[in-house]
Amino acid sequence: MTVKQLSIFVENKPGRLARVTDILAKGGIDIRALSVADTTDYGILRLIVSDPIKACELLKGAEYTVKLTDVIVVELEDEVGALARMLALLDSHGISVEYLYAFIGRDKGKAYIIIRVEDNIKAVDILSGNGYSVTKEEEIYKI
Amino acid sequence: MYWQKDIETMKRSDLERLQLERLRYIVDYCYNNVPFYHERLKKAGVTADKIKTLKDIEYIPYTTKDDIRENYPFNMFAVPMRKVARVHASSGTTGKPTVVGYTKNDLDMWADTVARICVAAGATEDDIAQISFGYGLFTGALGLHYGLEKLGACVVPVSSGNTQKQIMLMRDFGTTLLISTPSYALYLGEVIKEMGIDDLKLRVGLFGGEGCSKDIREQIEKTLGLFATDNYGMSEIIGPGVSGECQQRCGLHINEDHFLPEIIDSETGQVKERGECGELVVTTLTKEAFPVLRYRTRDITKLDYDTCKCGRTLVRMAKVMGRSDDMLIIKGVNVFPSQIESALEGVSHIGPHYQLVVRRVNARDTLEVKVELVDGELLEKFSELEQLANMIRNRLHSILGLDAKVTLVEPKSLERFEGKAKRVLDLRGENPKSEC
Ligand SMILES: [Zn+2]
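Line order of the protein sequences matches chains A and B. The first sequence begins at 4 in the numbering used here and counts up one residue at a time. The second sequence begins at -17 in the numbering used here and counts up one residue at a time.
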């Protein structure tokens, strides 16, 4: 019930992000979702892509520091308060969210939230038990 | 294994007697044959008669690189040019190079001193030795070349550069000894790894020309599959062959029957106590064409006179901690690049390369240390990356007593050169110094 995410270490220099996306584009990798968190010197780029294993190999081959992690992708109604409710639910079960980011699906008009927690199994249990739809790995690339 | 066992394992008291005899001879020789020394010694009131013990060397004034430069090109030679069989020169980053000469006897002695350090490192007459130093005026390549030939190894004078070809020859010839700078060995290792080659026959590496930290050495040993040793020398003394590590790797044995070492305080010029750390000063005891008396090497090290486990009685100098000219003064604190290396040693998640950037911001010095983040383990939490940077910062602080900014950079993003790694970038306007 989890999806593979790429974390890539990038220096805060002009052109660094473009180079990563360029490598992926040339490798025929499609980017589904993206988030950048940065400090003054460097950032961590997080990506959900069409072929995470291949993307990881391509980037490692280009001397990037990359990590693959399992994250949860939750489908949310695109309405006021939906995110707050979901976070409150996780919080009430003692699950803290390391980071999250979102993207909007192409045709269904739904919002998808990517969340990173310590215990994926527990979080997925709670979410599905409370009526949330957790996206499967093979589904994510069709969204 | 020894090359000249009688000398390499000579009883300390016998060695010192030999040194004293030779010191008295060389003082007299310089006085009579080199106008520069004639003047200096006369002014200081020193003749061979005044040298009664080795300690009396302290009466002799120091010789500096500037003295050699001012006597460019041949004014410090002790023999007429027809007796000079070869000259070498070291780079002149500012102005004229320093030129040194060798008689036939000097070349013979030089080859022996190099053969000694090669044998101490593990070289034998069965070895195939690839010399990846640049051939030319520098002493590195030809020094090792003739020493290895004398010892009976097969020498491959491939010179520097053209890495792909170097690797091809290494494979095809079954090269067993690699002679290069540690930076180049590290680079070779990276290329070999990238090419996926694992059938090299390399056995021993003889590295010189620059310092080598423990981490870099380990990485070289891992990627090249050899036993790495350091050796030391400089053209003003003779070139390589001044000292080198034996297989115990607990210091570099100085060939002190030819090169008499002292350790001094580089600020005050005072001779230090045995075992203390300071600038290495060397007097050549046997050279004919270009003898030097108390030459200030600018290299910071210390000496250990205890007999080595290998059986050699020759004094061991510690790996050079830095050069007193390359010493950076940051906020009034002396900083050697080697100190940064020891602070980074053993830190996980980062590579062995680093770069120091010194700036002056609002009349204050700042130090930035750049290191490469080489694995993705810490990418889940910024706080872990920050902890890594902080841990390095604390280590630097405890070693240097200075606050440094630690910047994590992408793998392979720090500049590398085929020869030497550029490790210091001093951007403080006046007296710009970029150290290699
Ligand atoms: Zn030894």
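All residues carry an ideal CB built from backbone N, CA and C; glycine is no exception.
Going by beta carbon distance, what residues of the same chain come within less than 8 Å of residue i, once the five residues before and after it are set aside?
i	result
Met309(B)	Ile282, Asn316, Val317 and Phe318
Ala58(A)	Leu9, Leu27, Gly30, Ile32, Leu50 and Val52
Asn372(B)	Val388
Asn413(B)	Confidence is the limiting factor: at Asn413(B) the pLDDT is only 43, short of 50, which leaves the residue's position unreliable and the question unanswerable from this model.
Gln230(B)	Cys290, Lys291 and Cys292
Leu384(B)	Ile312, Lys313, Val315, Val317, Leu349 and Leu378
Gly156(B)	Ile110 and Lys183
Asp181(B)	Arg153
Cys12(B)	Tyr19, His20, Leu23, Ala60, Pro273 and Leu275
Val138(B)	Ile110, Ala111, Gln112, Ile113, Leu151, Phe155 and Thr157
Thr295(B)	Glu(-10), Thr(-9), Met(-8), Lys(-7), Arg(-6), Leu(-3) and Thr289
Helix, strand or coil, according to DSSP, for residue i in the structure here?
i	result
Gln112(B)	strand
Asp385(B)	coil
Leu(-3)(B)	helix
Asp81(A)	coil
Asn316(B)	strand
Ser141(B)	coil
Ala435(B)	Lying before the first or after the last residue shown, residue 435(B) is absent from chain B, which here runs from -17 to 418.
Asp90(B)	helix
Pro164(B)	helix
His127(B)	helix
Ala105(A)	strand
Val101(B)	helix
Gln230(B)	coil
Ala71(B)	strand
Arg153(B)	helix
Leu296(B)	coil
Leu37(A)	strand
Cys12(B)	helix
Val302(B)	coil
Thr121(B)	helix
Leu409(B)	coil
Gln8(A)	strand
Asp(-12)(B)	helix
Cys290(B)	coil
Asp73(A)	strand
Distance cutoff 7 Å, beta carbons only. Does residue i sit that close to anything in chain B?
i	result
Ile47(A)	yes
Thr3(A)	Residue numbering for chain A in the displayed model covers 4 to 146; residue 3(A) lies beyond these limits and cannot be assessed.
Phe106(A)	no
Asp54(A)	no
Asp44(A)	yes
Lys70(A)	yes
Ser95(A)	no
Glu141(A)	no
Ser10(A)	yes
Glu82(A)	no
Glu78(A)	no
Glu60(A)	no
Glu121(A)	no
Would you verify that the beta carbon of residue i is, or is not, closer than 7 Å to some beta carbon of chain A?
i	result
Glu172(B)	no
Thr348(B)	no
Val391(B)	yes
Gly122(B)	no
Lys175(B)	no
Lys352(B)	no
Gly358(B)	yes
Lys394(B)	yes
Leu361(B)	yes
Leu378(B)	no
Leu310(B)	no
Leu355(B)	yes
Leu407(B)	no
Among residues of its own chain, excluding the 5 on either side of residue i, which ones have a beta-carbon nearer than 6 Å to its beta-carbon?
i	result
Ser320(B)	Gly193, Met303 and Gly304
Pro393(B)	Glu354 and Val356
Lys70(A)	Ser10
Here's a check: name, in chain order, each residue in its chain whose Cβ is nearer than 7 Å to the Cβ of residue i, leaving out the five neighbours to either side.
i	result
Val13(A)	Arg19, Leu20, Val23, Tyr45, Gly46 and Leu48
Glu327(B)	Ser195, Lys196 and Asp197
Ser131(A)	Val137
Gly401(B)	Bear in mind that the predicted position of Gly401(B) carries a pLDDT of just 42, short of 50, making it too unreliable to give a figure here.
Lys175(B)	Thr205
Using a Cβ cut-off of 8 Å, pull out every chain E residue sitting near residue i, in sequence order please.
i	result
Ala36(A)	Protein chains in the displayed structure are A and B, and chain E is not among them.
Lining residues of ligand 1 - beta-carbon closer than 6 Å to any non-hydrogen atom, in sequence order: Put simply, the residues with a CB less than 6 Å from any heavy atom of ligand 1 are Cys228(B), Gln230(B), His235(B), Cys290(B), Cys292(B) and Arg294(B), in chain order.
Within the stretch 174 to 222 of chain B, ranges of the beta strand (DSSP E) (whole runs, at least 3 residues): You should have 186 to 189 and 209 to 216.
Inside the stretch 233 to 276 of chain B only - beta strand (DSSP E) runs reaching at least 3 residues: Counting only runs that start and end inside the stretch 233 to 276 of chain B, the beta strand (DSSP E) elements of at least 3 residues fall at 234 to 236, 241 to 246 and 260 to 266.
Alpha helix (DSSP H) segments (min. 4 residues) lying fully within the stretch 326 to 398 of chain B: The stretch 326 to 398 of chain B contains these whole alpha helix (DSSP H) runs: 364 to 382.
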